[in-house]
Amino acid sequence: MAEALNFCFMLVGGLAVVGGFFSICSLQPTEMALRYNWLLKTVNPEVVAEPGLIFTGPFSSLLRYPKTIQTLEYNQVHRDLLDGRTQDGLPLILGLSFQYRLLPDGLYELYHTYDNDVGDYESVYKLVGMHIITELATKFTAYQFFNEKQKIAEVMRTKLNDYFTKNLFATVESLQISEDDLPEAFTKTILTAATSKQNITKMEKTRDAKIVEFQTARQIAEAQANITIQQAIGEQHRIMQNGKADAAIIEAYVDAETTAYRKIHETLGLNGQEMINYIWYDTLGGGGVSANAHEKQDIQMLVGVNPSAYISEGR
Numbered sequence: 054m055a056e057a058l059n060f061c062f063m064l065v066g067g068l069a070v071v072g073g074f075f076s077i078c079s080l081q082p083t084e085m086a087l088r089y090n091w092l093l094k095t096v097n098p099e100v101v102a103e104p105g106l107i108f109t110g111p112f113s114s115l116l117r118y119p120k121t122i123q124t125l126e127y128n129q130v131h132r133d134l135l136d137g138r139t140q141d142g143l144p145l146i147l148g149l150s151f152q153y154r155l156l157p158d159g160l161y162e163l164y165h166t167y168d169n170d171v172g173d174y175e176s177v178y179k180l181v182g183m184h185i186i187t188e189l190a191t192k193f194t195a196y197q198f199f200n201e202k203q204k205i206a207e208v209m210r211t212k213l214n215d216y217f218t219k220n221l222f223a224t225v226e227s228l229q230i231s232e233d234d235l236p237e238a239f240t241k242t243i244l245t246a247a248t249s250k251q252n253i254t255k256m257e258k259t260r261d262a263k264i265v266e267f268q269t270a271r272q273i274a275e276a277q278a279n280i281t282i283q284q285a286i287g288e289q290h291r292i293m294q295n296g297k298a299d300a301a302i303i304e305a306y307v308d309a310e311t312t313a314y315r316k317i318h319e320t321l322g323l324n325g326q327e328m329i330n331y332i333w334y335d336t337l338g339g340g341g342v343s344a345n346a347h348e349k350q351d352i353q354m355l356v357g358v359n360p361s362a363y364i365s366e367g368r
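Numbered per the working numbering, the sequence shown spans residues 54 to 368.
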């Protein structure tokens, strides 16, 4: 009897040790979890977020969820490209990915709402994302998809984040559009238009450069014209000053001659033809106001002598 009791105590003790051993689990820094009692089929609403060794209790285990950012992709590899239409009715094949993070505070509700098995929520996320994105695609034209892809991606991320935060217990951190296939005819037309626009821009730049070049040439020409005008004005002033100086000299000379001959007239009493003859002979003899008295005059004048009888003196 005693041996049976000892065996029972040892069995219970062994089971307690084994149960205690299996009641301890480790949690990675990239994980968070819920305690699940597989005997009673219940889940503890308290979220385990601290990494390390966790005592779960007997008959319990951890339901593990990622704490890090996760990615959902719609691409050719997974054969789940999104098929939609643009606002102007053109067919659109859209490939993209977005990154989400589970909210620890909503983990218990997430499990009870969407998970039969851990991870079932991912299919819900993918279907909801597909619906929201294809619906949003109809809000934008094909031209916007061609030219404003980043702006469209941000609008989609904002809408997804609002819905995920409110209904799916997660946040959407970022979204990237990796593929947006539009009809080939539209793409060619857009490329042609872009090339034409680029050529127009190039010609406008060339025109602006020529305008600047012509304006510069005109300014240079105006400056050169001003220089020519100033030179002409300077030359005019020089000629005028020289003319005024010459006129003043002539006037002074004439005044001096007039004064000198007036004195001759008054002193010698010469009048009329006699005075004219005097002035003529005086001029021939190198006289007058401007004559240099010290300069030897190489001229001889004989009055009243027959030229044929003139004999020059020896030199």
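Ideal Cβ placement from N, Cα and C applies to all residues, glycine included. Quick caveat: nothing in here was measured; it's all calculated off a predicted structure.
Strand pairing of residue i, partner residues [DSSP]
i	result
R117	A86
S79	L106
L134	Note: L134 sits in no beta bridge, so no partner.
Residue i in three-state terms, based on DSSP
i	result
T336	helix
Q289	helix
T109	coil
L244	helix
A278	helix
F74	Its pLDDT being 42, under 50, F74 is placed unreliably in this model, and the value from its coordinates should be taken loosely. In the structure shown, F74 sits in a helix (DSSP, three-state: H, G or I).
Limits of the beta strand (DSSP E) - the one that residue i falls within
i	result
Q229	A223 to D234
L125	Q123 to Y127
N97	T95 to V101
Residue nearest to residue i in terms of C-alpha spacing, selected from the options
i	options	result
Q140	Y196, I280 and T259	Y196
N128	R154, E188, L149 and D136	L149
Q123	K212, I280, E175 and V171	E175
T211	I332, Y118 and F151	F151
V171	G137, L116 and L189	L116
V225	T254, Y153 and Y167	Y153
T95	L147, Y164 and P82	Y164
M183	Y216, T269 and E162	Y216
M209	L189, T194, F267 and N97	L189
D158	Q203, D136 and E99	E99
D335	L235, Y314, L87 and A285	Y314
L228	I302, E207, I273 and T191	E207
E103	G110, L93, P119 and M85	M85
Runs of alpha helix (DSSP H) wholly within the stretch 137-215 (minimum 4 residues, chain order): Listed in chain order, the complete alpha helix (DSSP H) runs (minimum 4 residues) inside the stretch 137-215 are 160-167, 174-190 and 195-200.
Only counting runs of 4 or more residues, tell me where the alpha helix (DSSP H) segments fall wholly within the stretch 306-335, in order along the chain. If only uninterrupted alpha helix (DSSP H) runs of at least 4 residues are considered, none is enclosed by the stretch 306-335.
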